[in-house]
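If you read the sequence shown in my numbering, its first letter stands for residue -19, the second for the next number, and so on.
Beta carbons: idealized from backbone N, C-alpha and C, even for Gly.
All values reported here derive from a predicted model rather than from experimental measurement.
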Amino acid sequence: MSIPVRLRNFLKSLRKIETMPKYELAWITKNLAVGHAPIEDDDLEAIKDQGVGAIVNLCGEFFDLHKIEKKSGFEVLYFPIPDECAPDMIKLEMAIQWVEDTVSRGKKVLAHCRFGVGRTGTFVTAYLMHTGLSMKAAEKKLKYSRANPSNYCQWKLLRDYKKILNRK
-19 MSIPVRLRNF LKSLRKIETM PKYELAWITK NLAVGHAPIE DDDLEAIKDQ
31 GVGAIVNLCG EFFDLHKIEK KSGFEVLYFP IPDECAPDMI KLEMAIQWVE
81 DTVSRGKKVL AHCRFGVGRT GTFVTAYLMH TGLSMKAAEK KLKYSRANPS
131 NYCQWKLLRD YKKILNRK
C-alpha cells in the first residue's frame, strides 16, 4: 500500500497505547459492518477475528489494497469510487446485489473506503434502502458510526436511488 511512512509509524505508535483498540468495526446490521481502509496486516487479522469473511473495498486511491485483502483470505468486491464522489447507479446496484448474495451465503461483510465516511456511508445507506428501510431509517442506523454521506452529490445519488426503488 502507499501509506506515507511517517503516517504509518505514527498510527503504529498510537496502537502501543493499551486502551487503543486494534481495528474496530461499527456493525450496522448483524452481517454488515463499516470501517476504514486497513493499513497493516494486524488490521486484516483483527477484521477476520471479528467474523468478517468478505470486503467491499470502495477505495479509488489504493490500487493494490483489494489484492492484499484477497491474499489475506477475504472474498473481495473492488468497487473503486473517487474520494468525495458518488458511485455510478448501475455499478451501485451490482455491488448491492453482491453484498446481498454474499450475506445469503452466510458471510459477514465489511464496507470501507479510505476513512470510512462519505463513500462508505453512501454505499451502506443505499444497501439499507435496498433492504426496505426508508432513507431516514437508514440514516438513523448509521447515526452513531462515522459512515455518512458527506456531500451534495452523494445525497443526490441516494435521493435518485430512492426514486428508483419507489418505482419497483
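Separation of residue j from residue i, as counted between CA atoms
i    : j      : result
H16  : A127   : 9 Å
A118 : M109   : 6 Å
Y58  : Y107   : 16 Å
H46  : R94    : 12 Å
L24  : D44    : 14 Å
K10  : N(-11) : 33 Å
N131 : G96    : 14 Å
T82  : V(-15) : 35 Å
Own chain residues within Cβ distance below 6 Å of residue i, not counting five before or after
i    : result
L113 : none
E20  : none
Candidates the options: closest to residue i by CA position
i    : options         : result
N146 : N131, L38, T111 : T111
Within 8 Å, strictly: CB atoms of residue i and residue j
i   : j    : result
P62 : G98  : no
G33 : E55  : yes
L90 : V104 : no
K51 : D22  : no
A66 : L12  : no
Neighbourhood of residue i by C-beta, 7 Å cutoff - its chain only, sequence neighbours within 5 removed
i    : result
S125 : A6, I8, V14
S84  : none
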